[in-house]
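These notes are about the structure you will find just below.
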Amino acid sequence: MNRIWNSVVGKLWITILLLVSFVLFIVTVLLLEFLGNYHSEAVEETLNKEAATIARIFNDHGNLNISLTVIEDILGPETNAVIAEVPFESSYYIHDGKNGDETREKILNEPAFQKVFETDETVMKEMLLPSLTEEKRMESFIVLASPLQTGDQVHGTVFIYQSLEVMDRTASRTTNIVFLSAFIAFILTTVFAFFLSSRITSPLRKMREGAFELAKGNFDTKVEAASRDEIGQLATAFNQMGQQLKHHLEVIGQEKEQLSSILTSMADAVITFNQDRTILLSNPPAEKLLQQWLFKNGPEKGQPLPAELLHMLEHVLDFEEEIEEELEIKGAYYGVSFSPLYSGNSIRGAVAVLHNMTEQHRLEKLREDFIANVSHELRTPIAMLQGYSEAILDDVGASEEDRREMTKIIYEESQRMGRLVTDLLNLARMESGHMRLYKDLVQLNGIVERMTMKFSQVAKENGIRLSFETEMDDWAAAELDEDRIEQVMTNLIDNAMRHTPEGGEVMVKVEQEQGYAKISVNDTGVGIPEEDLQYVFERFYKADKARTLGKGGTGLGLAIASNIIDSHGGKIYAESKVGEGTSFIFLLPLKKM
1 MNRIWNSVVG KLWITILLLV SFVLFIVTVL LLEFLGNYHS EAVEETLNKE AATIARIFND
61 HGNLNISLTV IEDILGPETN AVIAEVPFES SYYIHDGKNG DETREKILNE PAFQKVFETD
121 ETVMKEMLLP SLTEEKRMES FIVLASPLQT GDQVHGTVFI YQSLEVMDRT ASRTTNIVFL
181 SAFIAFILTT VFAFFLSSRI TSPLRKMREG AFELAKGNFD TKVEAASRDE IGQLATAFNQ
241 MGQQLKHHLE VIGQEKEQLS SILTSMADAV ITFNQDRTIL LSNPPAEKLL QQWLFKNGPE
301 KGQPLPAELL HMLEHVLDFE EEIEEELEIK GAYYGVSFSP LYSGNSIRGA VAVLHNMTEQ
361 HRLEKLREDF IANVSHELRT PIAMLQGYSE AILDDVGASE EDRREMTKII YEESQRMGRL
421 VTDLLNLARM ESGHMRLYKD LVQLNGIVER MTMKFSQVAK ENGIRLSFET EMDDWAAAEL
481 DEDRIEQVMT NLIDNAMRHT PEGGEVMVKV EQEQGYAKIS VNDTGVGIPE EDLQYVFERF
541 YKADKARTLG KGGTGLGLAI ASNIIDSHGG KIYAESKVGE GTSFIFLLPL KKM
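As numbered in UniProt numbering, residues 1 to 593 make up the sequence shown, in order.
In structure tokens form, the structure reads like this:
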């Protein structure tokens with residue numbers, strides 16, 4: 001039943017059946033009422049006419065037998081009559097059947113019919129009398145009592161009675177006709193409903209199947225528009241809707257891909273938040289940043305966002321306004337911009353853009369340090385040049401020897417300034433990528449030993465023991481710019497000797513390590529603090545100002561050496577312990593023979 005009621009055909013079929021049944025019921029009730037009233041009126045009129053006819057016959061024929069014969073001929077088969085004399089001393093009956101005597105007795109003894117003699121009026125009454133056709137059975141009769149009179153004198157009474165089975169048979173036939181009509185209506189309704197099913201619900205079922213296909217993502221699904229009525233128009237609209245959905249989804253997909261590409265290619269971290277402060281979307285830089293924060297916070301806290309960002313997010317969601325700040329988070333600097341996201345007039349979340357400004361801060365600090373260091377490095381020679389020049393101009397030096405000494409100092413300081421400017425130009429050229437290398441295939445053992453032994457005389461003068469060791473094959477070779485590598489070796493050995501006290505040792509060692517030549521310059525000097533090791537290759541950086549005071553260095557040698565090694569595809573680093581010495585190590589790729 002539920003399946004029938006849940007279908008359009010079933011609903012239409014049941015609705016029409018109920019409508020037809022209701023109409024037939026109303027028509028049947030009204031028809032039976034009308035037929036009952038009509039039949040009662042017809043019977044009453046017939047009985048009145050027959051009573052008047054009987055009275056006229058008695059008046060016209062003085063002979064009783066002749067009158068009864070005539071009356072019997074004119075009465076219909078369904079009508080019975082009793083003629084009684086006043087005051088019912090004798091009676092005659094016509095068309096009397098079974099139980100006739102009992103019926104006549106009940107009629108004559110009915111008190112209601114006594115008024116006929118008193119008022120000379122016709123009396124009609126419905127009575128329950130014995131059946132004239134079956135024994136021991138009661139039927140409903142309608143009885144008419146009419147006076148027989150000549151002039152003003154009443155001679156007797158005629159009782160005409162008729163069974164109401166005629167009315168019952170009429171009502172039964174009417175009911176049968178109604179039921180037959182209902183059955184025919186049921187058949188016609190069923191046929192009509194299934195006809196509508198083929199004409200109306202079949203296209204609707206096809207559209208339902210098409211809708212399911214659309215729900216699965218098959219937007220090329222089409223429904224045939226077989227007619228030009230509302231259903232055909234609905235099918236056309238359905239097909240247009242599918243095409244529009246496909247078009248809009250393609251546009252949305254393209255925009256989503258475009259947005260995803262933009263977010264993925266952005267160097268800045270982008271994080272989108274829901275209203276409940278949970279992360280909705282993030283691009284790869286943001287995911288990497290969140291993982292770093294989560295690792296630093298610890299998995300037990302379960303919150304990857306720093307407190308500073310959470311505070312900004314709360315402010316944006318509560319006050320619905322944009323906010324921009326520069327924050328230091330976990331030792332890094334970020335430019336953070338928060339903007340609210342709206343859905344209609346209500347806020348549904350926020351988007352955060354984080355620009356990593358750590359490198360900018362580092363470069364700004366390097367710039368400031370560079371300016372300060374260059375100013376500091378140039379201040380001393382310029383002051384000395386200015387002072388000794390003024391002394392010469394003022395003839396402060398009394399003897400020629402004093403003038404020559406001052407002139408020598410001016411020359412040395414100008415040389416120092418020249419070296420400083422040259423190193424700055426070389427470093428700037430290297431960092432800008434304009435340094436040109438002239439590479440040749442050379443055997444490393446030979447050139448490194450030659451570069452080391454160049455400082456043997458200086459080592460003897462300073463009381464330092466200089467040595468060279470190799471654990472690499474003599475035939476091992478590398479493709480490099482020999483002049484640039486010699487510049488690196490000169491800087492490292494010179495630094496080692498300048499910071500190694502008399503009686504100390506400087507050793508240069510060559511080893512082979514996984515396709516690389518490992519060259520180390522080791523000294524037994526004062527060493528470098530561990531916290532300063534990561535900065536020794538920055539320009540003008542000095543871990544201990546006393547290490548370079550009076551040593552003649554510009555503070556750029558290690559920065560230049562780092563750039564040269566990087567340009568050869570190698571790596572340079574330092575290892576040191578305070579009071580035990582320092583090792584500067586660089587790796588160069590070997591040429592496969």
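Virtual Cβ for every residue (Gly too), placed ideally from N, Cα, C.
At what residues does the beta strand (DSSP E) containing residue i begin and finish?
i, result
"L305", "First-last for L305: undefined, no H or E at that position."
"L281", "279-282"
"F584", "581-589"
"V442", "440-443"
"F338", "332-343"
"M124", "123-130"
"R348", "346-356"
"E511", "505-513"
"residue 602", "Any property of residue 602 remains undetermined from this structure, which presents the chain solely from 1 to 593."
"L214", "Premise fails: L214 lies in the alpha helix (DSSP H), 202-215, not in any beta strand (DSSP E)."
"L558", "L558 -> not in any beta strand (DSSP E); alpha helix (DSSP H) instead, spanning 557-567."
"S576", "571-577"
"L466", "465-470"
Note down, in chain order, each residue of its chain lying with its Cβ closer than 8 Å to the Cβ of residue i, except the 5 sequence neighbours on either side.
i, result
"V536", "I528, A543, L558, A574"
"M472", "L444, N445, V510, E511, Q512, A517"
"E126", "S140, F141, I142, V143, L164"
"G550", "Caution applies to G550, whose pLDDT of 42 falls short of 50 and renders its modelled position unreliable; the value that the coordinates give is listed next. Around G550: no qualifying Cβ."
"T122", "N48, A51, V116, L144, A145, S146, P147"
"T236", "A225"
"A211", "F238"
On the premise that residue j lies in contact with residue i, defined as a C-beta separation below 8 Å, what is that separation, rounded to the nearest angstrom?
i, j, result
"A478", "L444", "6 Å"
"G344", "F273", "Their Cβ separation, rounded to whole angstroms, is 18 Å, which puts G344 and F273 out of contact at 8 Å."
"K591", "L441", "6 Å"
"L161", "N80", "Checking the sequence, you will find Tyr at residue 161 rather than Leu. Sure, about 5 Å apart at Cβ, within 8 Å."
Residue i and residue j: beta carbons closer than 8 Å?
i, j, result
"L310", "Q275", "no"
"V82", "F159", "yes"
"F468", "M497", "no"
"I519", "V506", "no"
"I329", "P340", "no"
"L245", "L214", "yes"
"L385", "I410", "yes"
"L30", "A185", "no"
"N491", "G581", "no"
"M138", "E44", "no"
"A267", "P284", "no"
"T221", "G242", "yes"
"L354", "L289", "yes"
"L17", "T174", "no"
"A464", "E502", "A quick correction: the sequence has Ile, not Ala, at residue 464. For I464 and E502, yes; Cβs fall inside 8 Å."
"G335", "M357", "yes"
"P203", "I177", "no"
"M417", "P381", "yes"
"I565", "F586", "yes"
"S106", "L129", "Inspection of the sequence shows that residue 106 is occupied by Lys rather than by Ser. A contact, by the Cβ cut-off of 8 Å."
Cutting at 7 Å between CB atoms, please list the residues of its own chain near residue i, excluding the five before and the five after it.
i, result
"K577", "G527"
"H361", "Y333"
"H315", "I323"
"D402", "none"
Can you give me the Cβ contacts of residue i inside the same chain, cut-off strictly under 6 Å, excluding the 5 residues immediately before and after it?
i, result
"M489", "M451"
"E324", "S337"
"G552", "Because the pLDDT of G552 is 49, which lies under 50, any placement of that residue in the model is unreliable, and the question is left without a value."
"K460", "none"
If you follow the alpha helix (DSSP H) that residue i is part of, which residue opens it and which one closes it?
i, result
"S261", "230-265"
"Q487", "482-498"
"Q457", "456-461"
"F537", "Premise fails: F537 is in no alpha helix (DSSP H) and is neither H nor E."
List the DSSP bridge partners of residue i.
i, result
"M138", "P130"
"I323", "F338"
"K592", "According to DSSP, which records beta bridges pairwise, K592 is partnered with nothing at all."
"I329", "A332"
"V270", "V353"
"V143", "K125, Y161"
"L148", "G156"
"A477", "Q443"
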